[in-house]
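Visitor: In my numbering, the protein residues as written are 557 to 1113. Even glycine gets a Cβ: it sits at the ideal position worked out from N, Cα and C.
#1: Please state if the CB of residue 995 and the CB of residue 973 are separated by a distance shorter than 8 Å.
#2: Note down, in chain order, each residue of its chain lying with its Cβ closer than 6 Å to the Cβ of residue 785, except the 5 sequence neighbours on either side.
#3: Just to check my reading of the structure: residue 852 and residue 869 have Cβ atoms closer than 8 Å, yes? What is that Cβ distance to the nearest angstrom?
#4: On a Cα-Cα basis, can you pick out the residue from 668, 678 and 663 that is closest to residue 622?
#5: If you follow the beta strand (DSSP E) that residue 820 is in, where does it begin and where does it stop?
#6: I believe residue 720 touches residue 698 by the beta-carbon criterion, under 8 Å. Please report the beta-carbon distance rounded to the nearest angstrom.
#7: Does the contact criterion of 3 or more C-beta pairs under 8 Å hold for the stretch 829 to 847 versus the stretch 747 to 758?
#8: Out of 814, 842 and 630, state which residue places its alpha-carbon closest to the alpha-carbon of residue 504.
#9: In the structure shown, what three-state DSSP assignment does residue 813 receive?
#10: Rounded C-beta distance between residue 619 and residue 659? I'm assuming under 8 Å.
#11: Check residue 1075 in the structure and name its three-state DSSP category.
#12: With respect to the beta strand (DSSP E) encompassing residue 930, which residues constitute its N-terminal and C-terminal limits?
#13: How about residue 810 and residue 835: are their beta carbons less than 8 Å apart?
#14: Leaving out five residues before and five after residue 641 in sequence, what residues of the same chain have Cβ atoms less than 8 Å from its Cβ?
#15: Does DSSP put residue 994 in a helix, in a strand, or in coil?
#16: As an exercise, report each continuous beta strand (DSSP E) stretch of at least 3 residues that is fully enclosed by the stretch 619 to 683, in chain order.
#17: Which residue spans inside the stretch 872 to 919 form an unbroken beta strand (DSSP E) run of at least 3?
#18: Would DSSP call residue 808 helix, strand or coil?
#19: Secondary structure at residue 970, three-state DSSP: helix, strand or coil?
#20: Between residue 881 and residue 893, how many whole angstroms is the CB-CB distance? I'm expecting something under 8 Å.
#21: Can you tell me where the beta strand (DSSP E) with residue 782 in it begins and where it stops?
#22: Just how far apart, CA to CA, sit residue 1099 and residue 1007?
#23: Using C-beta distances below 6 Å, list every residue in its chain close to residue 1011, excluding the 5 sequence neighbours before and after it, in chain order.
#24: Where residue 1002 and residue 963 are concerned, what is the direct C-alpha to C-alpha distance, given to the nearest angstrom?
#25: With distances taken between CB atoms, is the gap from residue 668 to residue 595 smaller than 8 Å?
#26: What is the residue span of the beta strand (DSSP E) that residue 850 lies within?
Written out as structure tokens, the structure is:
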């Protein structure tokens, strides 16, 4: 009986214990379900190296141990019954922070992801090479040394305002912390002097941030074509001290206007004048050699990193004109004078000489000479001295000319100062008399004891008839000559004859034209008639003029 009672009590105890434990577990579960842990901010975006304030709080009315777990440097800066605030300093990399609280022996935590960002402050563009040959490949490279997070970065390569290539970095490992894009392009003429640049964008909108943008400095690409050697045009023989033109040309070159030329004669730098047209550039320079002998003319053409040099040999010689001397440059007529032709002392080797008018050519190295007895006709005569010199297989010739001036007394020749002259009455007339002599003589004419003006035309009258005395004078002497002047008048009979001749000539002309137009076969025969008539009229006119002159002479007109 007692055993039965003991068993009943035992079962009742176990039942009460089970009910108590169930109640305890129910109360404990209810307390745990009402207790929360939270962190502020719910998103953390921090610029590299900056600080972050984090607040960790709970809804537990009587929390137990609490705090944050992070490898970052932390400092608690505030707390309350249900919260704690921490300052995270020098945040330099992404991390996950744990905020935890315990309540009634139960611990809860929540996490905060911290994202560190670096704006693309430095964007570097490289053109490799900056000078590139036409149709060759060049590289455009852009990189950003420090930027984060890479998965939010986009790099765009630009040629001018045109987009060449765009790249994002979603698949790039964050740990690399380096962004880079490289493309290869084949050079074309239209790429010459184009600007290339790189644009970087960091879009943090997915992390609650903004848009950061930056661009590189522009780089200019230089395209060139430079495959030929320059060509030089210059005479192979240069005379010392004489200016000559030398040219240097560069064909099939691009861009032609950017070619730089340097020209030298030996060590002497020249000053070329540059020109270009199409794909050809050239330079012209004045060459003045100052030393004799073999020298070298060189031309260096350069474009960007390329340069080509051409050299041309030249020979510099000295060959001044020969020396031509007249012993007495102003001899008197009838005197002897020597004319000498000699090579210049600076001419080497000795030239071959020839003097115009000399009877024989001189021996090599000897001057040519001529002994001349001067005449009045020699005044103004030109003598020439010719020197020939062989240089590098070429025959060179130099000539010197000197004019001889013979001094002689004045002359009044009949050809230039006729002794009988005729004027027509009523017409403007001048007395014709030109003296000869060296020095040039002066001329004075008198009429009826008075000076007569030879420079002003005179209206002829019968009063001008008479004898004029003209005297020519220079330093060597003087000569005089009488000139008989006759003034012929125009009477009525002579005028009527001229009028009749004109009328007849006009009539014959009209008849000739009519016959020409109507009788072509007879043209040649018919045209002989007016010609004969005109000849007859001219004979009559000449005879009449002679009669008039004889009449005038008889009556002392």
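Guide: So, from the data block:
#1: In the chain shown, residue 973 corresponds to position 417, counting from 1. In the chain shown, residue 995 corresponds to position 439, counting from 1. For residue 973 and residue 995, no; Cβs fall outside 8 Å.
#2: Taking the chain shown and counting its residues from 1, one reaches residue 785 at position 229. 864 and 866, listed in sequence order.
#3: Position 296 of the chain shown, counting from 1, holds the residue named residue 852. Position 313 of the chain shown, counting from 1, holds the residue named residue 869. Confirmed, about 6 Å.
#4: If you number the chain shown from 1, residue 622 lands on position 66. Looking at the Cα atoms, 663 is the closest of the given residues.
#5: Start at 1 with the first residue of the chain shown, and residue 820 comes out as number 264. Per DSSP, residue 820 belongs to the beta strand (DSSP E) from 816 to 821.
#6: Against the chain shown, residue 720 aligns to sequence position 164. Against the chain shown, residue 698 aligns to sequence position 142. Not a contact, Cβ separation roughly 10 Å.
#7: no
#8: This structure cannot speak to residue 504, because the chain is shown only from 557 to 1113.
#9: Locating residue 813 in the chain shown gives position 257, where the first residue counts as 1. Helix, per DSSP.
#10: To locate residue 619, count along the chain shown from 1; it is residue 63. To locate residue 659, count along the chain shown from 1; it is residue 103. Yes, residue 619 and residue 659 are in contact; Cβ-Cβ is about 5 Å, under 8 Å.
#11: The sequence position of residue 1075 within the chain shown is 519, counting from 1. Low confidence applies to residue 1075: its pLDDT is 42, below 50, so where it sits in the model is not reliable, and the reading given next is rough at best. In this structure, residue 1075 counts as coil in the three-state DSSP scheme.
#12: Here residue 930 refers to the residue found at position 374 of the chain shown. Here residue 930 belongs to no beta strand (DSSP E), and DSSP marks it neither H nor E.
#13: One-based indexing of the chain shown puts residue 810 at position 254. One-based indexing of the chain shown puts residue 835 at position 279. It is a contact, given that the beta carbons lie within the stated cut-off.
#14: Residue 641 sits at position 85 when you count from the first residue of the chain shown. 609, 610, 611, 612, 632, 633, 634 and 635.
#15: In the chain shown, residue 994 corresponds to position 438, counting from 1. Residue 994 falls in the strand class under three-state DSSP.
#16: 619 to 625, 629 to 636, 639 to 647, 651 to 659 and 662 to 673
#17: 879 to 882, 892 to 898 and 908 to 911
#18: As a working mapping, residue 808 is identified with position 252 in the chain shown. Coil at residue 808, not helix or strand.
#19: On the chain shown, position 414 is the one that residue 970 refers to. Residue state, collapsed to three classes: coil.
#20: For the purposes of this step, residue 881 is taken as residue 325 along the chain shown, with counting starting at 1. For the purposes of this step, residue 893 is taken as residue 337 along the chain shown, with counting starting at 1. Wrong, their Cβ atoms sit about 10 Å apart, outside the cutoff.
#21: What you label residue 782 is simply residue 226 of the chain shown in a count that begins at 1. 778 to 782 is the span of the beta strand (DSSP E), which, as asked, contains residue 782.
#22: The residue you call residue 1099 lines up with position 543 of the chain shown. The residue you call residue 1007 lines up with position 451 of the chain shown. Only weak support exists for where residue 1099 lies, its pLDDT of 41 falling under 50; the coordinates are left without a value.
#23: For this step, residue 1011 is matched to residue 455 along the chain shown. Nothing listed; no residue qualifies.
#24: Along the chain shown, one-based indexing puts residue 1002 at 446. Along the chain shown, one-based indexing puts residue 963 at 407. The straight-line gap from Cα to Cα measures roughly 27 Å.
#25: The residue labelled residue 668 in the question sits at position 112 within the chain shown. The residue labelled residue 595 in the question sits at position 39 within the chain shown. Yes, these two residues count as a Cβ contact at 8 Å.
#26: Your numbering for residue 850 matches position 294 in the chain shown. Residues 849 to 859.
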